[in-house]
Ligand SMILES: Nc1ncnc2c1ncn2[C@@H]1O[C@H](COP(=O)(O)OP(=O)(O)OP(=O)(O)O)[C@@H](O)[C@H]1O
Ligand SMILES: [Mg+2]
């Protein structure tokens, strides 16, 4: 146990401020557990929230690959999410317009293939140009996908949505809420380890260079178009996987979830967590969703009821206020990226003389065989 | 690769690394590059001077492919690269630095330096997962090379600094070092000592000369006359988009047209 906690502290925590941030998160976790144990919070409710936070964390990780690594401005997070959700719903729900009722695996596979295809389609005309072109095209894509789902109801069931989506892994001896929470934890772990490997490498360094100065990357012989395309496709696929997961979490999907607000929340989560940092993306998503879901209950507090105002619509205001505070006191976000572009084993064994140990994780053993790290 | 260059220089063999033929570029009505033909011999430090707005940076942009030319050709090692993208030209051995570099946010000096060598195995996602040990091996080599080069440039102590914390002069040194790690046939430097303090500028001069003695070819734009006169030979003078003259530092210094261009052409 102490080995695990020292691994966590050395891998994840970089300085004193970060220690405080993680301590706060730890405290909140303890409070939630106490809440469940004392019966204040229903375990089912908590597990559902964990699954939801996890899904947003996946979306943030996806956007972080695009915006945080490569500087790509993607305003169609909700669209890729929706592509994933609809792929899952259409293929697996027995009463969807396609009526196939396939195994969820096929939903996830379709989500990956279709989102990658759409990402390439959008990327081909825009990624050779200045970054604003992708921004504009992605705004358009978000609306186009929503319009297609709304209007092509012979294929998508339109605004009435699709219900009857099966649960994931229902054979597991767990409650449905626990199963989905477990699935999302596994998904995040896989995505996180994948991104950790590609980020801490020459690939990650080229992308970060592109983000700051694309011309420099070109001048050093890097085919920036290809790198940007890879980042765009990887990010979009992660978003679609999050969408497919959501379909199996909510068991119902309709186009009203594909609103730009979802995209907005994910951007906030990434910026809040620390642009370019995978740890930050996960924590940022958790914070944004905690505020969004937490403020749902403001109206239930007796004192506020006596004031006679409806506070729920002010949630966006809370989120906005939080961004201003964080940007004021911690400009680079809660957990900004640091020492994350070189694989620890390469660095420590590279005759660097251990010049800096801050980013060194004691996982050198697996690194000599990079294939294991997946 | 540098061995050949050294061999060539030692034998006094004239061998052209970079050649432009009748390059032209206009921005609207303004002809920034007006039929420029130059040659850079292997093993030389070729200087390029000219008043502000003479078209020096534009010429660099045409040579390196960042601007598309209206007419003319660029050849590297005898191969026509006019239709190639900037990154493809870089891989042919034509590598440049920029007049006004941007900082690499969130990258340490070590990380910023490690973008130079290429193409690296670890730039392929496939290799990262399926030949991870090769990637790690290569990374170790590149990290070691980076450390040695920074030490040689006397900035070894900066290796763990965030690259955004460097002074302008230190950044110029890092850029020179990084461009060198691409193993180029010719390095194009756009004002390598602009805004650099005299001590550091002297260091930069010394390092450029050292690399040159090992065979590295340079084409250098610079406004600092003592610096470029001391370092480069030959020197190409550009004025109003045209090559005004080319010659040794002494010839350039004593040429009436050059004096005229600097005194008469500098104003708007
Ligand atoms: N992208 C551009 N668009 C329009 N005009 C340009 C562009 N780039 C350069 N010019 C113009 O071309 C001319 C040559 O500019 P250039 O930057 O090549 O000069 P320079 O010799 O490098 O000058 P300096 O010594 O000040 O760096 C100038 O009149 C400049 O305004
Ligand atoms: Mg210039």
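Protein chains in written order, with the UniProt record's numbering: chain A, 1 to 374; chain B, 1 to 268.
For each residue, glycine too, the CB sits at the ideal point set by N, CA and C.
Would residue 208 (chain A) be called buried (16 or more neighbouring beta carbons within 10 Å of its own) or exposed? The C-beta of residue 208 (chain A) has 16 or more other C-beta atoms within 10 Å across all chains shown, which makes the residue buried.
Of all Cβ atoms in chain A, is any one closer than 8 angstroms to the Cβ of residue 105 (chain B)? yes
Just checking residue 242 (chain B) against ligand 2 - is the residue's beta carbon closer than 7 angstroms to any of the ligand's heavy atoms? no
Say yes only if the C-beta of residue 154 (chain A) is nearer than 7 angstroms to one or more non-hydrogen atoms of ligand 4, and no if none qualify. Looking for ligand 4 in the displayed structure turns up nothing; the ligands present are ligand 1 and ligand 2.
Rounded to a whole number of angstroms, what is the C-alpha to C-alpha distance between residue 43 (chain B) and residue 230 (chain A)? 39 angstroms
In chain A, which residues lie with their C-beta within 9 angstroms of the C-beta of residue 257 (chain B)? Those within 9 angstroms of residue 257 (chain B) in chain A number zero; the least Cβ separation is about 33 angstroms.
What is the chain-ordered set of residues for which the beta carbon lies under 5 angstroms from any non-hydrogen atom of ligand 1? One residue after another in chain order, those with a Cβ under 5 angstroms from a heavy atom of ligand 1 are B:27, B:32, B:52, B:53, B:54, B:55, B:56, B:57 and B:58.
List, in order along the chain, the chain A residues whose C-beta lies closer than 9 angstroms to that of residue 90 (chain B)? Here the neighbours are 218, 219, 220, 221 and 222.
Neighbour-count burial assignment, residue 103 (chain A), 16 or more Cβ in a 10 Å radius: exposed
When B:181, B:250, B:37 and B:52 are compared against residue 262 (chain B), the one with the closest alpha-carbon: The residue with the shortest Cα to Cα distance from residue 262 (chain B) is B:52.
Residue 244 (chain A) and residue 85 (chain A) closer than 8 angstroms at C-beta: yes
Grouping DSSP H, G and I as helix and E and B as strand, with all else coil, what is residue 225 (chain B)? Shown here, residue 225 (chain B) sits in a helix according to DSSP, grouped into three states.
Below 8 angstroms CB to CB, which residues in the same chain sit around residue 149 (chain A) once its five sequence neighbours on both sides are set aside? 82, 86, 156, 158, 255 and 258
Residues within the segment 59-78 of chain B neighbouring chain A, beta-carbon criterion of under 7 angstroms: 64 and 66
Would you call the segment 178-194 of chain B and the segment 89-98 of chain B touching, i.e. three or more CB-CB distances under 8 angstroms? yes
Residue from A:336, A:272 and A:69 whose Cα sits closest to the Cα of residue 291 (chain A): Measuring from the Cα of residue 291 (chain A), the nearest candidate turns out to be A:272.
What is the rounded straight-line gap between the Cα of residue 350 (chain A) and the Cα of residue 135 (chain B)? Confidence in residue 350 (chain A) is poor, its pLDDT being 46 and thus under 50, which makes the residue's placement unreliable; the coordinate value appears in the next sentence. Near 12 angstroms, if we compare the C-alpha coordinates of residue 135 (chain B) and residue 350 (chain A).
Verify the CB distance criterion: does residue 95 (chain B) have a CB-CB separation below 8 angstroms to chain A? yes
Please return the same chain residues whose Cβ sits closer than 7 angstroms to the Cβ of residue 296 (chain B), not counting the five positions on each side in sequence. With chain B running from 1 to 268 in the structure shown, residue 296 (chain B) is simply not present.
Could you give the DSSP three-state label for residue 255 (chain B): helix, strand or coil? coil
Do residue 233 (chain A) and residue 120 (chain A) count as a contact pair if the criterion is CB distance below 8 angstroms? yes
Would you call the segment 54-64 of chain B and the segment 231-248 of chain B touching, i.e. three or more CB-CB distances under 8 angstroms? yes
Give the single residue among B:137, B:194 and B:244 whose Cα lies nearest to the Cα of residue 220 (chain B). Comparing Cα positions, the closest option is B:194.
Taking 8 angstroms as the cut-off, decide whether the C-beta atoms of residue 28 (chain A) and residue 35 (chain A) are in contact. no
Contact residues within the segment 175-189 of chain A, judged by C-beta distance below 9 angstroms to chain B: none
Selected residue, minimal CA-CA separation from residue 45 (chain A), among A:328, A:146, A:331 and A:180: A:180
Beta-carbon neighbours of residue 209 (chain A), restricted to chain B and to distances below 7 angstroms: 104 and 115
Any non-hydrogen atom of ligand 2 closer than 7 angstroms to residue 239 (chain B) Cβ: no
Would you say the beta carbon of residue 215 (chain A) comes nearer than 7 angstroms to a heavy atom of ligand 2? no
Relative to the C-alpha of residue 41 (chain B), which residue among B:154, B:218 and B:55 is closest? B:218
Just reading off the alpha helix (DSSP H) that residue 24 (chain A) is part of, what are its end residues? Counting along the chain, residue 24 (chain A) sits inside the alpha helix (DSSP H) bounded by residues 16-37.
What residues from chain A crowd round residue 128 (chain B), counting only those whose CB sits closer than 8 angstroms? The contacting residues are 197, 198, 201, 203 and 370.
Where the segment 22-51 of chain B meets chain A: residues whose CB sits under 8 angstroms from a CB there: none
DSSP three-state call for residue 342 (chain A): helix, strand or coil? coil
Using 8 angstroms as the threshold, is the segment 333-347 of chain A in touch with the segment 122-139 of chain B, meaning 3 or more CB pairs across them? yes
Rounded to whole angstroms, what is the Cα-Cα separation between residue 287 (chain A) and residue 182 (chain A)? Going from the Cα of residue 287 (chain A) to the Cα of residue 182 (chain A) covers about 20 angstroms.
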